[in-house]
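Q:
Number of protein chains: 2
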Amino acid sequence: MKVSTRVEYGLIALTDIAIYSENGKTVSAPDISARESISHKYLEQILLLLRQAGFIAARKGLKGGYALSRPTDKITLTDVLNALDNGILAEMEGEYADDGLGPVINDCFWGKINNELKSYTDSLTLEHFVELCRNRTPESWDMYVI
Amino acid sequence: MKVSTRVEYGLIALTDIAIYSENGKTVSAPDISARESISHKYLEQILLLLRQAGFIAARKGLKGGYALSRPTDKITLTDVLNALDNGILAEMEGEYADDGLGPVINDCFWGKINNELKSYTDSLTLEHFVELCRNRTPESWDMYVI
DNA sequence: TAAATACCCATTGACATAGTAGGTAAGTCG
DNA sequence: CGACTTACCTACTATGTCAATGGGTATTTA
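Chains as they are written, first to last, in this note's numbering: chain A, 1 to 146; chain B, 1001 to 1146.
1. If contacts are defined as beta-carbon pairs under 8 Å, then residue 1078 (chain B) and residue 1026 (chain B) qualify, I think. What distance do you get, rounded to the angstrom?
2. Would residue 1038 (chain B) and residue 1134 (chain B) be called neighbours here (beta carbons separated by less than 8 Å)?
3. Thinking C-alpha only, which one of B:1001, B:1131, B:1033 is nearest residue 1073 (chain B)?
4. Just how far apart, CA to CA, sit residue 55 (chain A) and residue 125 (chain A)?
5. Does DSSP classify residue 26 (chain A) as helix, strand or coil?
6. Do you know how far the Cα of residue 29 (chain A) is from the Cα of residue 40 (chain A)?
7. According to DSSP, which residues form a beta bridge with residue 1059 (chain B)?
8. Taking a contact to mean a Cβ-Cβ separation below 8 Å, would you say residue 92 (chain A) touches residue 1087 (chain B) in this structure?
9. Under a Cβ-count criterion, where at least 16 other Cβ atoms within 10 Å of its own Cβ denotes burial, should residue 1106 (chain B) be classed as buried or exposed?
10. Is residue 23 (chain A) close to chain B? Criterion is C-beta to C-beta, closer than 8 Å.
11. Using only the heavy atoms of the ligand SAH, determine whether one of them is closer than 7 Å to the beta carbon of residue 93 (chain A).
12. For residue 1006 (chain B), decide whether its Cβ has a neighbour in chain A, counting only Cβ atoms nearer than 8 Å.
13. Which chain B residues are close to residue 36 (chain A), counting only those with a beta carbon under 8 Å from its beta carbon?
14. Under 8 Å Cβ-Cβ, which residues of chain B neighbour residue 79 (chain A)?
15. What does residue 11 (chain A) touch in chain B if you count any residue whose Cβ is under 8 Å from its own?
16. State buried or exposed for residue 1057 (chain B), treating a residue as buried only when at least 16 other CB atoms are found within 10 Å of its CB.
17. Measure the Cβ-Cβ separation of residue 67 (chain A) and residue 17 (chain A) and say whether it is below 8 Å.
18. Taking the DSSP output, what are the residues bridged to residue 1125 (chain B)?
19. Can you tell me which of the three DSSP states residue 1104 (chain B) falls into?
20. Given a threshold of 16 other Cβ atoms within 10 Å of its Cβ, counted over all protein chains shown, does residue 119 (chain A) qualify as buried or as exposed?
21. Between the beta-carbon of residue 10 (chain A) and the beta-carbon of residue 104 (chain A), is there less than 8 Å?
22. Is the separation between the beta-carbon of residue 1102 (chain B) and that of residue 22 (chain A) shorter than 8 Å?
23. Can you have a look at residue 83 (chain A) and say buried or exposed, based on whether 16 or more other CB atoms are within 10 angstroms of its CB?
24. Could you pull out every residue in the same chain whose Cβ sits closer than 7 Å to the Cβ of residue 1004 (chain B), ignoring the five residues on either side in sequence?
25. Return the residues of the region 63-91 of chain A that lie within a Cβ-Cβ distance of less than 9 Å from chain B, sorted by chain order.
26. Taking only beta-carbon atoms, is residue 1113 (chain B) less than 8 Å away from chain A?
27. Can you pull the chain A residues whose beta carbon is under 8 Å from the beta carbon of residue 1120 (chain B), in chain order?
28. Rounded to whole angstroms, what's the CA-CA distance from residue 1089 (chain B) to residue 110 (chain A)? Just pull it up for me.
29. I need the straight-line Cα distance from residue 1094 (chain B) to residue 99 (chain A), nearest angstrom please.
Rendered as structure tokens:
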């Protein structure tokens, strides 16, 4: 599935902040930008959205930066997708001929696929991402599958 | 999940053709357009893609139209999505800092979510859609879930 | 020959994405 | 106080996709 860079970068940024903000330290946008090779100004916009969504808190000025405002296990992939993406978790809203085949196909299959997807993204939290990135053992990936 | 109308209409059209093309009869675009309330000219483009993908055969002229060129159980949702959609089943292709967190998150979670999605769309065929639309019994929908 | 149909191509308006750019506000350190 | 660093906010642009619309050509049937 194609996912927007906004979501990708947002997820990377959150994970980066979670990992590098130990002992009350904050993580600055320039730091993230350099570590993860993300355009600084673009990253700022994404961090703004993440702050407005309540995932992170910011402090201005020298030695300023960002820190998580919730524990990692209280930020789900669903939350992040809702904050940064328009399409993935959106519902269908097409209008069809009532006597046509559209409503049947739509209500059933896309609804079901949506539920499956959402139950998957609900089950994944930032904690999983952090853990995954801490010890990058590809063998352990399977444990996060549905 | 937001799905393009191209996919929706294509799926509806295929199902419509499957249902209304019994005894070797063909189904014309104007007919489908009228039954399913889809713009005729837009539908034509979609039918063109479906024909080029090998799902349907066309006959021009009066009494012309379309018919399936494969049995309904040999056309999967994956096939249709590949023919009509760019994003849903596409792989990620972002470039990240090799020493950053991007590759880990990307390879694992989006890869897994992709596999889950694909195994779902692989399991659904036009036959299911046809059956579903023939006897519209919402109670039977559950049988098509993963 | 006339009508119906599929085929093909060009264009358009709306929208989202992926940035880029520049200025403002606030906090830190000398 | 003043330079510096950072977050914050707004605007703009370039590109691409979507969802059609429209026009014209080729083919088949009655």
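Just so it is clear, CB atoms sit at the ideal spot from N, CA and C, and this is done for glycine as well.
A: The short version:
1. Not really, about 26 Å apart at Cβ, beyond 8 Å.
2. no
3. B:1131
4. 12 Å
5. coil
6. 7 Å
7. B:1065
8. no
9. buried
10. no
11. The model depicted lacks the ligand SAH and carries no ligand whatsoever.
12. no
13. 1096, 1097, 1100, 1101, 1102
14. Simply none; closest approach about 15 Å.
15. 1105
16. exposed
17. yes
18. B:1076
19. helix
20. exposed
21. no
22. no
23. buried
24. 1085
25. 77, 86, 87, 88, 89, 90, 91
26. yes
27. 113, 116
28. 15 Å
29. 43 Å
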